[in-house]
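Just below is one structure, and these are the notes that go with it.
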Amino acid sequence: MSSPNIPKTMGAIDIKGGKGGISALFLNKETPVPKPTATQALVKIKAFGLNRMDLLQREGLYHFLRKPPPPWASEHERDFKIGSEVFGLAYGGAYAEYIAVSTHMLVHKPAELSWEEAAGVPETWITATQALWMIGGLDETIGNKATKDKRVLWHAGASGVSISGVQLALSEGVKEVLITTSSQEKIDFVKGFVEGGKEKVFGFRYNDPEKPWEKAVLEHTNGEGVDLIIDFIGGSYFNANLDAAAQNGRIVSLGTMGGAKADVPGGVDIGRFLRKRLRYEGSTLRARDEAYQGKLRDMLNEHALPRFKDGRFKVPMEKVFSWKDVQDAHRMLEANTSKGKIICVVD
């Protein structure tokens with residue numbers, strides 16, 4: 020099969036001065052097309068999804084570095100051909116017409132997903148998969164609780180990652196899923212969006228003036244708490260997470276939207292780690308090596324792809340922008356008002 024005609028330059032979203040605010044983003048039409056290595060494929064981009072880490076990268080504040088590829092990654096995977104429709108993870112450079120990306124990070128796109136929907140899957144659903152299984156141990160029997168006996172709590176419950184995680188957890192048969200978010204509107208959206216949400220998803224406003232969310236969670240669970248908490252907020256929720264966690268609970272930290280320091284009046288009672296036998300673990304997907312991310316890709320194929328194909332899983336999308344309007348897309352992401360993914364199409 021002959022290679023397609025690849026131009027030498029392409030359009031790509033660039034940043035004036037290398038870092039800056041929203042106004043620094045611009046379309047650079049003279050960007051060199053990347054040249055793939057032996058372990059990579061050159062992918063023509065149809066659409067890309069925005070992630071919260073993009074805001075930090077734009078400002079030059081995201082300092083997690085990816086480890087080099089493992090020694091065994093000397094050849095590309097063989098089941099991708101010229102013209103294959105794919106989606107996948109990128110370590111940067113996806114705001115462009117072309118990207119050179121490891122074939123170990125690619126997934127064949129199901130025909131049932133549009134390009135816009137496919138762009139909303141990789142980092143979102145893989146992050147949720149990592150939190151639930153690789154770190155959270157959802158499939159493990161912990162204490163006397165199997166998967167069907169567990170309660171899972173997602174903070175930032177209307178975010179793309181959380182809505183994906185809610186669907187994944189429900190599909191595995193958990194007892195119930197709890198979410199915290201800023202408004203009843205967002206709670207109602209999530210309950211109505213996911214299959215089984217009206218019966219098994221319960222929401223709490225973190226800004227409820229009448230009752231802190233952790234007290235509401237404990238009341239809802241008759242004092243038992245939740246078995247797995249996935250947290251994007253960080254310092255301001257640290258103490259409350261310890262309160263809301265059940266015996267043998269696990270807390271997975273994936274972000275610090277509420278600050279990196281736990282500034283708690285009177286300090287934090289770390290004795291709860293002992294009394295409750297808690298595990299607290301943090302992670303960032305982009306800092307993981309290729310082998311780890313390849314495992315997550317395979318788990319996505321196992322747990323999610325069949326359900327995308329039969330329509331049980333849906334990709335939550337707040338809005339689709341032209342990539343020429345990437346500044347507007349970043350404004351929406353910064354405003355933190357979206358329900359689901361923000362997507363840009365390369366048109």
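First residue of the sequence shown? That's 20 in the numbering used here, and the numbers climb one at a time after it.
From the three backbone atoms N, C-alpha and C, an ideal C-beta is built for every residue, glycine too.
For this session: Work out the CA separation of Met336 and Glu233 for me, nearest whole Å.
Result: 29 Å
Problem set entry | Span separating the alpha-carbon of Glu94 from that of Asp168 | Note that Glu94 has pLDDT 48, beneath the 50 cutoff, so the model's placement of it is unreliable and the number below is only indicative. One C-alpha to the other measures close to 43 Å.
Exercise. Among residues of its own chain, excluding the 5 on either side of Leu75, which ones have a beta-carbon nearer than 6 Å to its beta-carbon?
Worked result: Tyr81
Exercise. Start and end of the alpha helix (DSSP H) containing Glu238?
Worked result: Trp232 to His239
For this session: Answer with buried or exposed for Phe45, where buried requires no fewer than 16 other C-beta atoms within 10 angstroms of its C-beta.
Result: exposed
Exercise. Hey, out of Glu214, Ile32, Arg294 and Ile289, whose CA is closest to Arg326's CA?
Worked result: Glu214
Exercise. If we count the other Cβ atoms within 10 Å of its Cβ and call it buried at 16 or more, is Asp246 buried or exposed?
Worked result: buried
For this session: Name the two residues that bound the continuous beta strand (DSSP E) containing Pro51.
Result: Leu44 to Pro51
For this session: Output the distance between the C-alpha atoms of Ala92 and Ser255, rounded to the nearest integer angstrom.
Result: Bear in mind that a pLDDT of 43 at Ala92, under 50, signals an unreliable position, so the model cannot answer this.
Exercise. How should Asp250 be labelled, buried or exposed, when 16 other C-beta atoms within 10 angstroms of its C-beta is the threshold for buried?
Worked result: buried
Exercise. When you compare each of Ile361, Gln186, Ala279 and Asp288 to Val345 by their alpha carbons, which one comes out closest?
Worked result: Ile361
Exercise. Helix or strand or just coil, what does DSSP make of Met29?
Worked result: strand
Exercise. Curious, which full-length alpha helix (DSSP H) runs of at least 4 residues does the segment 128 to 185 contain?
Worked result: 134 to 138 and 141 to 148
Exercise. Thinking just about the alpha-carbon of each residue, which of Ser357, Arg305 and Leu189 is nearest to the one in Lys217?
Worked result: Leu189
Exercise. Per DSSP, Val271 forms a beta bridge with which residues?
Worked result: Ile249 and Glu300
Exercise. Who are Phe292's beta bridge partners in DSSP?
Worked result: Bridge partners of Phe292: none, in fact.
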